[in-house]
Amino acid sequence: MTAETDSTDPTDLSVAQERAARLAEESARAAGVRLRTVEGVAPLAAVADYFSDVWRTPRSSPPLPAEVLHSVVHAGGAVHAAYTADGGRLAGACAAVFGPPAEADAYSLLAAADPGLGPVVKQAQRAWLLGRGARTLRWTFDPLVARNARFNLVKLGATGTEYLVDFYGPMADGVNDGDESDRLTVTWNLVAPRRPPAPATVRTAETSTAPDGGPLARRSLDDRTLWCRVPHDVVALRATDPALALRWRHAVREVFTKAFAEGFTATAMSRDGWYTLTREEVAPA
Numbered sequence: 235m236t237a238e239t240d241s242t243d244p245t246d247l248s249v250a251q252e253r254a255a256r257l258a259e260e261s262a263r264a265a266g267v268r269l270r271t272v273e274g275v276a277p278l279a280a281v282a283d284y285f286s287d288v289w290r291t292p293r294s295s296p297p298l299p300a301e302v303l304h305s306v307v308h309a310g311g312a313v314h315a316a317y318t319a320d321g322g323r324l325a326g327a328c329a330a331v332f333g334p335p336a337e338a339d340a341y342s343l344l345a346a347a348d349p350g351l352g353p354v355v356k357q358a359q360r361a362w363l364l365g366r367g368a369r370t371l372r373w374t375f376d377p378l379v380a381r382n383a384r385f386n387l388v389k390l391g392a393t394g395t396e397y398l399v400d401f402y403g404p405m406a407d408g409v410n411d412g413d414e415s416d417r418l419t420v421t422w423n424l425v426a427p428r429r430p431p432a433p434a435t436v437r438t439a440e441t442s443t444a445p446d447g448g449p450l451a452r453r454s455l456d457d458r459t460l461w462c463r464v465p466h467d468v469v470a471l472r473a474t475d476p477a478l479a480l481r482w483r484h485a486v487r488e489v490f491t492k493a494f495a496e497g498f499t500a501t502a503m504s505r506d507g508w509y510t511l512t513r514e515e516v517a518p519a
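In our numbering, the protein residues as written are 235 to 519.
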C-alpha cells in the first residue's frame with residue numbers, strides 16, 4: 235500500500251508503530267548496519283565505551299556508565315545500537331526510559347552515532363517506544379551545536395520546547411569542558427513527527443549583535459517569527475577561544491530565554507546556523 239492510497243488514521247498508534255518499524259529497517263539496510271536492543275554485561279559495557287569515545291572522556295568515567303545502562307534496561311527502558319554489517323563494529327547507540335505513564339511520554343538519556351547513522355538509531359528507538367504505547371519522546375541537547383539542532387528539528391521533526399540554563403552545572407568531558415551547560419529540550423511526536431517550516435528567505439533587520447560582530451537575532455514584522463544565529467562549530471571554538479565561546483553562550487541564552495517567555499518554540503535550523511523560532515498569533519484582548 236502506498237502513502238497516496240493509505241486511508242488509515244495517521245494518529246493510530248499501531249499504524250504508526252508499523253510504519254516506524256519499517257522505516258527503521260529500511261534505514262538500517264540502506265546504511266549497511268544491523269539494529270539491536272542491547273542487553274547483557276559485555277554489550278552494555280561496549281555501549282558505555284562508545285559514549286566515552288564520542289564525549290572524549292576516559293573509559294573509566296563514561297557519560298552513562300554500564301551499570302546505569304543496566305538499570306535503564308531493568309527499569310523497562312531500552313538501549314538500542316547499530317552495528318556495521320561487515321564485522322559488527324558498534325557504530326551508534328541510544329538509551330531511553332519512560333516518563334509518566336499517563337502522558338505516554340518517554341525520555342532519551344543519551345544518543346550518539348557515526349556520521350549518517352543518527353536517523354537509523356533514532357528511528358529504531360521510535361519504533362520500539364511506539365510498540366510500548368509511548369507517543370512523545372523528549373531529550374536535551376546543547377543549543378549552540380548547530381548540526382545537532384538541524385538534526386533534531388529538521389531531520390526528525392522535533393520541536394524545541396524548553397530552555398534550561400546551566401542544566402548540568404560544570405561538565406568535565408572533552409566536548410563541554412570550560413562552558414556552561416545550557417540545554418534545549420526537544421519534544422518529538424512519535425506518532426506524527428512535525429514537518430519543519432519552509433526556510434525563510436527574507437529576514438528583518440537585525441535586532442542584536444553576536445559576539446563575532448555579525449547579526450545575532452532578527453524578528454519578523456508580524457512578531458510571530460524570530461531568528462537566532464549560533465557559531466559554526468562551538469566545540470572547536472571552545473578549544474581555541476573558550477572566552478568567546480562563553481560569550482556566545484550568554485548571548486544566545488538571552489535571546490532564547492526571552493523568546494520562550496514570550497511563547498516561542500524552536501522549529502527549524504538553517505544550514506548557515508540560524509534557528510527559526512515561531513509562535514501562534516496572539517488573539518487580541
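Beta carbons: idealized from backbone N, C-alpha and C, even for Gly.
Distance, Asp413 Cα to Arg481 Cα: Arg481 and Asp413: Cα-Cα distance of roughly 10 Å.
On a Cα-Cα basis, can you pick out the residue from Glu273, Cys328, Ala309 and Thr318 that is closest to Leu298?
Per the Cα distances, Cys328.
Buried or exposed by the 16-neighbour rule on C-beta atoms within 10 Å, applied to Ala345: By the C-beta density criterion, Ala345 is buried, having at least 16 other C-beta atoms within 10 angstroms.
### Message
Let's see if you can read the secondary structure: which residues bound the beta strand (DSSP E) around Leu247?
### Response
Bounds of any beta strand (DSSP E) do not take in Leu247; it lies within the alpha helix (DSSP H) bounded by Leu247 to Ala265.
**Item:** Nonlocal neighbours in the same chain, by C-beta distance under 8 Å from Gly350, ignoring five residues either side
**Value:** Leaving aside the five residues that flank Gly350 on each side, the residues in its chain whose CB is nearer than 8 Å to its CB run, in chain order, Ala265.
- prompt: Is it true that the segment 372 to 383 meets the segment 407 to 427, where meeting means three or more beta-carbon pairs spaced less than 8 Å apart?
  reply: The answer is yes - the segment 407 to 427 touches the segment 372 to 383, with three or more Cβ pairs under 8 Å.
For Leu278, which residues in the same chain have their Cβ closer than 8 Å to its Cβ, ignoring the five residues on either side in sequence? For Leu278, where only same-chain residues beyond five positions count, the Cβ hits under 8 Å are Val272, Ala300, Leu303, His304, Val307 and Val313.
TODO: To the nearest angstrom, report how far apart Gly311 and Val331 are at their CA atoms.
DONE: For Gly311 and Val331, the distance between alpha carbons rounds to 4 Å.
Measure the C-alpha to C-alpha separation of Asp348 and Tyr317 and round it to an integer number of angstroms. Straight-line Cα distance between these residues: approximately 10 Å.
Arg463 and Ala477: beta carbons closer than 8 Å? One thing to note: Arg463 has its Cβ no nearer than 8 Å to the Cβ of Ala477.
Would you give the residue range spanned by the alpha helix (DSSP H) that Arg381 belongs to? The continuous alpha helix (DSSP H) containing Arg381 extends over residues Ala380 to Arg384.
Endpoints, beta strand (DSSP E) assigned at Val420: First-last of the beta strand (DSSP E) with Val420: Arg417 to Asn423.
Would you mind reading off the limits of the beta strand (DSSP E) that contains Gly352?
Counting along the chain, Gly352 sits inside no beta strand (DSSP E); it lies in the alpha helix (DSSP H) bounded by residues Gly352 to Leu364.
- Hey, out of Leu257, Gly365 and Leu398, whose CA is closest to Pro353's CA? Comparing Cα-Cα distances from Pro353 to each of Leu257, Gly365 and Leu398, the minimum goes to Leu257.
| query | Alpha carbon to alpha carbon, how far is Leu398 from Glu488? | reply | Computed Cα separation, rounded: 12 Å.
Where DSSP assigns a beta bridge to Phe375, which residues make up the other side?
-> According to DSSP, Phe375 bridges with Leu418.
Requested in this report: Work out the CA separation of Leu269 and Asp240 for me, nearest whole Å.
Outcome: Note that Asp240 has pLDDT 45, beneath the 50 cutoff, so the model's placement of it is unreliable and the number below is only indicative. Asp240 and Leu269: Cα-Cα distance of roughly 27 Å.
Item to complete: Enumerate in chain order the residues of its own chain whose CB-to-CB distance from His466 is below 8 Å, with the five nearest sequence positions on each side excluded.
Response: These residues qualify, in order along the chain: Ala380 and Gly507.
**Q.** Exposure label - Pro404; buried when at least 16 CB within 10 Å
**A.** That one is exposed.
- Query: Is Ala338 near Arg369, with beta carbons less than 8 Å apart?
  - Reply: Their beta carbons are under 8 Å apart, which means Ala338 touches Arg369 by this criterion.
Whose C-alpha, out of Gly391, Leu343, Val267 and Thr510, is nearest the C-alpha of Asp320? Nearest to Asp320 by alpha-carbon distance, out of Gly391, Leu343, Val267 and Thr510, is Val267.
If we require 4 or more residues per run, which alpha helix (DSSP H) segments fall completely within the segment 493 to 517? If we require 4 residues or more, the segment 493 to 517 turns out to have no alpha helix (DSSP H) run fully inside it.
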